[in-house]
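Take a look at the structure below.
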Amino acid sequence: MKARNARIDTLRVVAMLMIICGHFIYHGMRHVGLQESTGVPFADNAVGRMNFVMAQFLGYACNIATNIYFMITGYFLVKPRTLSYAVSKSWKLWRTIVFYTLSVYAVLCATGALDFSVSQLIEQLMPIHSRKYWFMSNYIVVLLLSPFVSKALDALAKKEYHGLLLVLLLLNFAEGSWGYGGIFSGGMSLVFCLSLFTLGGYLKKFPLPAFRFDHVAYLMGYLSICLLFTLNSYVSQLGVFGDADTLLNIRALANNSVPLLSSVCFFLVFASGRWSVPNGVSRLAVGCSPYIMAVYLIHDNVYLRPLLWDVVVRPLNYINSCWFLPYCVAVVVAVFVFCLSVEYVRQKVVSLLKK
107 MKARNARIDT
117 LRVVAMLMII
127 CGHFIYHGMR
137 HVGLQESTGV
147 PFADNAVGRM
157 NFVMAQFLGY
167 ACNIATNIYF
177 MITGYFLVKP
187 RTLSYAVSKS
197 WKLWRTIVFY
207 TLSVYAVLCA
217 TGALDFSVSQ
227 LIEQLMPIHS
237 RKYWFMSNYI
247 VVLLLSPFVS
257 KALDALAKKE
267 YHGLLLVLLL
277 LNFAEGSWGY
287 GGIFSGGMSL
297 VFCLSLFTLG
307 GYLKKFPLPA
317 FRFDHVAYLM
327 GYLSICLLFT
337 LNSYVSQLGV
347 FGDADTLLNI
357 RALANNSVPL
367 LSSVCFFLVF
377 ASGRWSVPNG
387 VSRLAVGCSP
397 YIMAVYLIHD
407 NVYLRPLLWD
417 VVVRPLNYIN
427 SCWFLPYCVA
437 VVVAVFVFCL
447 SVEYVRQKVV
457 SLLKK
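Numbering-wise, the working numbering comes out as the position in the sequence shown, counting from 1, plus 106.
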């Protein structure tokens, strides 16, 4: 396997680990997705402050993960493929989504954790329509559109591609009330996802000029953005520490704001340069590749999510402990390995049944 492909396969694994870590922070601690997100009671001491900084940094650092996946898709599919290829990939992914939505629902109903209802059952059979997974919903549509989008992109000269990227940037970017992204797009919109596909395709079709230690420069750019916003969050909330009536807010950024820039920097760490992935890491990344999407489908299932973060993991129990960061890392790895193993077994069983 070429080094470039090995790096992108490694990036795919890293991005999924980042998704889990982001969910540890935003679902497990801040409870994003509920009617009202909650603040986090970090203690007014050295450990509490350090853990807040680490949690905020991890939140910003992992904010880019879904962006990375759409860029990877564009990177590989910018060379036009047939519609049958796109339909086949989409159909395979849709079947996997339905399998997990139905299986999780059935298990929870059988154990008494959920009350069965026909309307909920129908929702499990139509996960895209019911938006059970915004990421997967958009991902399947991007796959289906990829043959047509790629054919159009393939016809563009470099200068024309620059013009397209500029228009897409103007339509998508938004930071607060500034920019047009809130009008024409949004961090979870199909328009934005197709724009990321287009951006990934550009980086494959017209690679940026290589220079010495370019991957290090891109990594420093990515880390600098995350650190700058982490520092801003910490300084702006200094007065909250020690205030018993106010909780700290682990902030987040919309995918189509500053994370757009940090996504490009992080993507280029793996897509550019002359460095190579160690053989062991490369083999591991390639081995994980067929099972990677199921990690998202299992751990972020709408019914499993509160059970995982609020009943099993309970990250709020560690926010004022020296073990916060090690615990976070251990949970991320454990969730990744468990979900990957479940999908591995599922695929093996399906293969045996087909024989």
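Virtual Cβ for every residue (Gly too), placed ideally from N, Cα, C.
Alpha-carbon to alpha-carbon, residue j and residue i
i, j, result
"S194", "L333", "42 Å"
"T217", "W284", "49 Å"
"K108", "L117", "Low confidence applies to K108: its pLDDT is 46, below 50, so where it sits in the model is not reliable, and the reading given next is rough at best. The alpha-carbon atoms of K108 and L117 are separated by roughly 14 Å."
"H133", "F444", "19 Å"
"R110", "A219", "Confidence at R110 is low in this model, with a pLDDT of 48, below 50, so the placement of that residue is unreliable and no value is reported for it."
"I114", "Y328", "17 Å"
"S291", "L270", "16 Å"
"R452", "A360", "34 Å"
"S243", "H235", "8 Å"
"I289", "L275", "13 Å"
"S339", "A167", "14 Å"
"L353", "P147", "5 Å"
"L231", "S209", "11 Å"
"V120", "V401", "12 Å"
"L214", "P421", "23 Å"
"L272", "F347", "42 Å"
"F205", "V375", "35 Å"
"R201", "M294", "23 Å"
"E239", "S427", "Note on identity: in this sequence residue 239 is Tyr, with Glu being the wrong assignment. Cα to Cα, Y239 sits roughly 33 Å from S427."
"L366", "Y450", "33 Å"
"Y286", "S252", "25 Å"
"A152", "F163", "16 Å"
"I126", "P412", "14 Å"
"S342", "R357", "11 Å"
"V438", "L403", "15 Å"
"F158", "I131", "11 Å"
"S264", "K310", "Sequence check: residue 264 is Lys here, not Ser. K264 and K310: Cα-Cα distance of roughly 12 Å."
"F319", "K257", "34 Å"
"K454", "L446", "12 Å"
"I246", "D150", "45 Å"
"Q226", "D406", "17 Å"
"A466", "D221", "Residue 466 is absent from the model: the chain starts at 107 and stops at 461."
"P315", "M399", "32 Å"
"W415", "N423", "11 Å"
"L296", "M177", "13 Å"
"A97", "L410", "For residue 97 there is no data in the structure shown, the boundaries of the chain being 107 and 461."
"R389", "S395", "10 Å"
"Y267", "D349", "52 Å"
"L249", "I425", "40 Å"
"Y397", "L259", "29 Å"
"K461", "P233", "29 Å"
"V322", "S223", "53 Å"
"L183", "G345", "49 Å"
"G307", "T336", "31 Å"
"I228", "F430", "40 Å"
"F254", "R136", "40 Å"
"F138", "F373", "What sits at residue 138 in the sequence shown is Val, not Phe. So the two alpha carbons sit approximately 26 Å from each other."
Range covered by the alpha helix (DSSP H) that runs through residue i
i, result
"S343", "It is Gln, not Ser, that sits at residue 343 in the sequence shown. Q343 -> no alpha helix (DSSP H), and no H or E assigned at all."
"D349", "Element bounds for D349: n/a, residue is neither H nor E."
"N426", "Note, N426: premise wrong, no alpha helix (DSSP H); not H, not E."
"N407", "Premise fails: N407 is in no alpha helix (DSSP H) and is neither H nor E."
"G469", "The requested residue 469 is not part of the displayed model; the chain covers only 107 to 461."
"Y166", "A152 to C168"
"L413", "Element bounds for L413: n/a, residue is neither H nor E."
"P384", "Looking at the DSSP string, P384 is not in any alpha helix (DSSP H), and its letter there is neither H nor E."
"V375", "P365 to A377"
Strand pairing of residue i, partner residues [DSSP]
i, result
"G134", "DSSP output for G134 lists no bridge partner at all."
"E229", "Partner(s): none; E229 has no beta bridge."
"G285", "A280"
"V146", "L354"
Residue i Cβ short of 7 Å to the ligand COA heavy atom set
i, result
"V213", "With respect to the ligand COA, the structure shown offers nothing to examine, as it has no ligands at all."
Below-8 Å beta-carbon distance, residue i vs any chain D residue
i, result
"N426", "Although the question refers to chain D, the structure presented lacks it and comprises just one protein chain."
Review point. Quick one: any contact between the stretch 377-391 and the stretch 185-192, if contact means 3 or more CB pairs under 8 Å?
Key: no
Point to revise | Segments assigned alpha helix (DSSP H), at least 4 residues, entirely inside the stretch 179-254 | key: Whole alpha helix (DSSP H) segments, 4+ residues: 189-216 and 224-231.
Review point. Is the stretch 165-182 touching the stretch 301-308 in the sense that three or more CB pairs, one from each, lie closer than 8 Å?
Key: yes
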